[in-house]
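A.B. asks:
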Amino acid sequence: TLARLTDLIGRAAADGRGVGAFNVFSIEHAEAHVAGAEEAGLPVVLQLSQNAVKYHRGLEPIALATLSIARTATVPVVVHLDHATDDALVDEAIAITRAEKAAGRDGFGSVMYDASALDYDANLAATADVVRRCRSAGIDVEAELGEVGGKDGVHAPGARTDPAEATAFVEATGVDALAVAVGSSHAMTTRTAALDLDLISQLAGVVGVPLVLHGSSGVPDDEIARAVRAGITKVNIATHLNVVFTDVVRGLLTENASMVDSRKYLGPAREAVAVEVARLLALLDSN
Ligand code: G3H
Ligand code: ZN
Numbered sequence: 002t003l004a005r006l007t008d009l010i011g012r013a014a015a016d017g018r019g020v021g022a023f024n025v026f027s028i029e030h031a032e033a034h035v036a037g038a039e040e041a042g043l044p045v046v047l048q049l050s051q052n053a054v055k056y057h058r059g060l061e062p063i064a065l066a067t068l069s070i071a072r073t074a075t076v077p078v079v080v081h082l083d084h085a086t087d088d089a090l091v092d093e094a095i096a097i098t099r100a101e102k103a104a105g106r107d108g109f110g111s112v113m114y115d116a117s118a119l120d121y122d123a124n125l126a127a128t129a130d131v132v133r134r135c136r137s138a139g140i141d142v143e144a145e146l147g148e149v150g151g152k153d154g155v156h157a158p159g160a161r162t163d164p165a166e167a168t169a170f171v172e173a174t175g176v177d178a179l180a181v182a183v184g185s186s187h188a189m190t191t192r193t194a195a196l197d198l199d200l201i202s203q204l205a206g207v208v209g210v211p212l213v214l215h216g217s218s219g220v221p222d223d224e225i226a227r228a229v230r231a232g233i234t235k236v237n238i239a240t241h242l243n244v245v246f247t248d249v250v251r252g253l254l255t256e257n258a259s260m261v262d263s264r265k266y267l268g269p270a271r272e273a274v275a276v277e278v279a280r281l282l283a284l285l286d287s288n
């Protein structure tokens, strides 16, 4: 069943648990994430990034497919627009959600608006405007302060979010969740990052909304568990599950030079991702 982001992360934050948020690149990922969540008996966030939308040459086909898969799940699933920098894309997610609601169904449960590359005042103004537009459609908003590096291949693990600035930003914008820079970096294919756990505790103590860790693929299991104990609630993982998926595809195609039916390698890759999703959700929830 479809849920809103605040439904999941509000309770999880109060209990000191983490919630997994995994990116959808193709329909197989959406199916895998839902299967893994059902296996674990835990809620999940399915994220469509602006880059993935660009890959599919538009939001609607992949969004409607993802919503359709999420809707029939036996666990709560949030369909979330991830790293939107384009205002028109946010408006498209709002329009799809309004159309779904008009038809008696739910749509996007949240949007992450990423104006973190702008300076503080510009980020605040742009984010506050997105909150206003999303509110009227019943969509929650995640924003980012203190750019998490690596999205364009440049690792910037040194970036940090300032607690006082974060507190003021959340109050002024009315966002429902805040992505913070605490040592992780996007698109790492090794799980070797160390986090600033003291800063996470400080942020969790003063920021009035649940905190989001981006670039969690580079963070080892035990460090993710420590981050959740320190106060992270939503844990975003994309690259690591792509590694799991692609390793299976590469292995099968290497071993079977005559294999041509794409279902023969995509199916096992989807199954491997589902198993890893179930394992990660249980790890996050166990804190
Ligand atoms: O928003 C998505 C996440 O931050 C994913 O980052 O690919 O490094 O796990 P990752
Ligand atoms: Zn991210």
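Residue numbering for the sequence shown follows full-length UniProt numbering, starting at 2 and increasing by one per position. Even for Gly, the Cβ is constructed at its ideal location relative to N, Cα and C.
Can you find the residues in the same chain that come closer than 7 Å, C-beta to C-beta, to A231, ignoring five residues on each side of it along the sequence?
C.D. replies: For the purposes of this step, residue 231 is identified with residue 230 of the sequence shown, where counting begins at 1. L198, I201, S202 and A205, listed in sequence order.
A.B. asks: Can you give me the start and stop residues for the alpha helix (DSSP H) that G11 sits inside?
C.D. replies: Residue mapping note: residue 11 aligns to position 10 of the sequence shown, counting from 1. Start and end: L6 to D16.
A.B. asks: With a cut-off of 8 Å, do at least 3 Cβ pairs link the region 253 to 273 to the region 2 to 9?
C.D. replies: Two segments are said to touch when three or more pairs of C-beta atoms, one from each, lie closer than 8 Å; by this definition the region 253 to 273 does not touch the region 2 to 9.
A.B. asks: With D141 as the anchor, note down where its beta strand (DSSP E) starts and where it stops.
C.D. replies: Taking the first residue of the sequence shown as position 1, residue 141 is located at position 140. Per DSSP, D141 belongs to the beta strand (DSSP E) from D141 to L146.
A.B. asks: Within the same chain, show all residues whose beta-carbon is closer than 6 Å to that of V128, passing over the 5 residues directly before and after it, in chain order.
C.D. replies: Taking the first residue of the sequence shown as 1, we reach residue 128 at position 127. Note that residue 128 is Thr in the sequence shown here, rather than Val. Hits under 6 Å: Y114, A116, A144 and T174.
A.B. asks: Enumerate in chain order the residues of its own chain whose CB-to-CB distance from L60 is below 6 Å, with the five nearest sequence positions on each side excluded.
C.D. replies: The count along the sequence shown starts at 1 and reaches residue 60 at position 59. Within the same chain, L60 has close Cβ partners V54 and E93.
A.B. asks: When you measure from the CB of Q203 to every non-hydrogen atom of ligand 1, does any distance come out below 7 Å?
C.D. replies: Against the sequence shown, residue 203 aligns to sequence position 202. No, ligand 1 has no heavy atom inside 7 Å of this Cβ.
A.B. asks: Per DSSP, which residues does D83 bridge with? Please list them.
C.D. replies: Within the sequence shown, numbered from 1, the residue matching residue 83 stands at position 82. For D83, which the question treats as bridged, DSSP gives the partners S50.
A.B. asks: Are the region 27 to 36 and the region 123 to 143 touching, with three or more C-beta to C-beta distances below 8 Å?
C.D. replies: No, the region 27 to 36 does not touch the region 123 to 143.
A.B. asks: Could you tell me the distance, in whole angstroms, from the CA atom of residue 290 to the CA atom of G21?
C.D. replies: For the chain, the structure presents residues 2 to 288; residue 290 sits outside this window and is missing.
A.B. asks: On the three-state DSSP scale, how would you describe S202?
C.D. replies: To locate residue 202, count along the sequence shown from 1; it is residue 201. Looking at S202 - three-state DSSP - the assignment turns out to be helix.
A.B. asks: Taking A226 as the reference, which of A14, R12, T2 and G19 has the closest Cα?
C.D. replies: Indexing the sequence shown from 1 puts residue 226 at position 225. For the residues A14, R12, T2 and G19, the minimum Cα distance to A226 belongs to G19.
A.B. asks: Work out the CA separation of E172 and S69 for me, nearest whole Å.
C.D. replies: Your numbering for residue 69 matches position 68 in the sequence shown. Your numbering for residue 172 matches position 171 in the sequence shown. C-alpha separation (whole angstroms): 34 Å.
A.B. asks: If I233 sits next to S218, beta carbons under 8 Å apart, how far is it from one beta carbon to the other, in whole angstroms?
C.D. replies: Translated into positions along the sequence shown, residue 233 becomes position 232. Translated into positions along the sequence shown, residue 218 becomes position 217. Not quite, the Cβ-Cβ distance comes to about 15 Å (not below 8 Å), so this is no contact.
A.B. asks: Can you tell me whether DSSP reads A275 as helix, strand or coil?
C.D. replies: The residue given as residue 275 occupies position 274 in the sequence shown. Looking at A275 - three-state DSSP - the assignment turns out to be helix.
A.B. asks: Between which two residues does the beta strand (DSSP E) carrying V176 extend?
C.D. replies: Taking the sequence shown and counting its residues from 1, one reaches residue 176 at position 175. It is not in any beta strand (DSSP E) - V176 carries neither H nor E in the DSSP assignment.
A.B. asks: If you measure from the CB of H215, is any heavy atom of ligand 2 nearer than 7 Å?
C.D. replies: Stepping through the sequence shown from its first residue, residue 215 is reached at position 214. With a cut-off of 7 Å, the C-beta of H215 is classified as near ligand 2, since at least one heavy atom of the ligand falls inside that distance.
A.B. asks: Looking at the structure shown, is V207 part of a helix, part of a strand, or coil, going by DSSP?
C.D. replies: In the sequence shown, the residue the question calls residue 207 occupies position 206. Helix.
A.B. asks: Figure out for me which residue from V213, V261, L146 and N52 has the closest Cα to the Cα of A13.
C.D. replies: Here residue 13 corresponds to residue number 12 of the sequence shown, with the count starting at 1. Looking at the Cα atoms, V213 is the closest of the given residues.
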